[in-house]
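Read through the structure below, which is laid out as structure tokens, and then see the notes.
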Amino acid sequence: MNCNVSFLFLVVVASAGSVHTLRLPRSEITDPIVESIAGRLSALSFLDLSYCNRIGAHALEAIGKNCKMLLGLCRNMHPVKTAGKSSLDDEAHAIALSMSRLRRLEMSYHLVSTQSVLEVIYSCPELEFLDLRGCHHVELDEKFLKERYPKLKVLGPDVVDEYERNEWEEYSDFSDFSEYLAWEFVAGEVGDYYDNESLDEMWDDEVRLEDLELRFYEGIEDAGLHGWAPSP
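Structure below.
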């Protein structure tokens, strides 16, 4: 594992038992890492794995089987990574099979088909918000959804220039995380962001991390970008 992933692994394992909110956009975390720590994330209610290109259905299935309290998942992708490719439904199948309690799901620019999206909707009866912006293989019958799932708000598949944040907040209990612990990493410069004393203090038995955010950037010039169609 590179230094970013190794440090991420240590942080998550050390605090996993008390983490309710975990944001890992753009990290290099892999399926084996997720599978090895998923059992320690039983308290997790919100997870952001957007733009994590080294994980797939196996990681999501492990999360779903071990995180029974999970209500929100962000699994947005970058359009550059998915442009021109055929639909790939294995992640949607994993979500449908193992995350039935989801209320919020973001899968913008994901390689999903209409059939797999409907499978998710059928399997997650409590779903209130579904972000499908940029999922160009998906065609949904709006009339059918309104009649069958009146509480479900679907954003996309068409991408619009403006999005009213207030409208989104009506459908989510996850829209305001005012207090969380965040590290922002630039590849190759992790050492500048922490020291051993601060980590020892953070991992003290009396300290409980409930909201944890780690962001990974490929370079300093990329640090201001959060990907296409960011989470509201």
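Mind the numbering: the sequence shown is residues -21 to -1, 1 to 211 in mature numbering (1 follows the signal peptide of the UniProt record, and there is no 0), read in order.
Yeah, the Cβ is synthetic: ideal placement off N, Cα and C, and Gly gets one too.
Assignment of V138 by DSSP, reduced to helix, strand and coil, places it in the coil class. Between S24 and G51, the beta carbon gap of about 7 Å places them in contact (Cβ cut-off 8 Å). In the three-state reduction of the DSSP assignment, K132 falls in the strand class. Judged by DSSP in its simplified three-state form, T9 adopts coil rather than helix or strand.
Around the beta carbon of D120, fewer than 16 other beta carbons lie within 10 angstroms, which makes this residue exposed. Between the region 53 to 63 and the region 10 to 21 there are fewer than three C-beta pairs closer than 8 Å, too few to call the two in contact.
Annotation: the continuous alpha helix (DSSP H) that includes G43 extends over 36 to 45. Restricting attention to Y88, L97, S87, K60, the CA atom closest to the CA of L76 is found in L97.
Counting the other CB atoms within 10 Å of its CB gives S(-4) a total below 16, which places it among the exposed residues.
Contact annotation: L81 and C103 have beta-carbon atoms nearer than 9 Å. The Cβ atoms of Y101 and T61 do not sit closer than 9 Å to each other.
Contact annotation: A73 and V91 have beta-carbon atoms that are not nearer than 9 Å. Just so you know, the alpha carbons of R2 and F108 end up roughly 18 Å apart. The beta carbons of D110 and M78 sit about 15 Å from each other, so the pair does not count as a contact at 8 Å.
For L124, there is no enclosing beta strand (DSSP E); the residue is part of the alpha helix (DSSP H) that begins and ends at 121 to 127. Residue range 69 to 77 is occupied by the alpha helix (DSSP H) that includes E70. Here N45 has A17, G18, L20, S21 as same chain residues with Cβ atoms under 7 Å from its own Cβ, once five neighbours each way along the sequence are excluded. Under the DSSP assignment, E98 falls in the alpha helix (DSSP H) whose first and last residues are 93 to 102. In this chain, the beta strand (DSSP E) harbouring R2 covers -1 to 2. In the structure shown, R33 adopts coil according to DSSP, grouped into three states. Within the model, the alpha-carbon separation for P4 versus G113 is close to 18 Å. Look at E14 here: in three-state DSSP terms it is helix.
Straight-line spacing of the CA atoms in Y30 and E7 works out to 9 Å.
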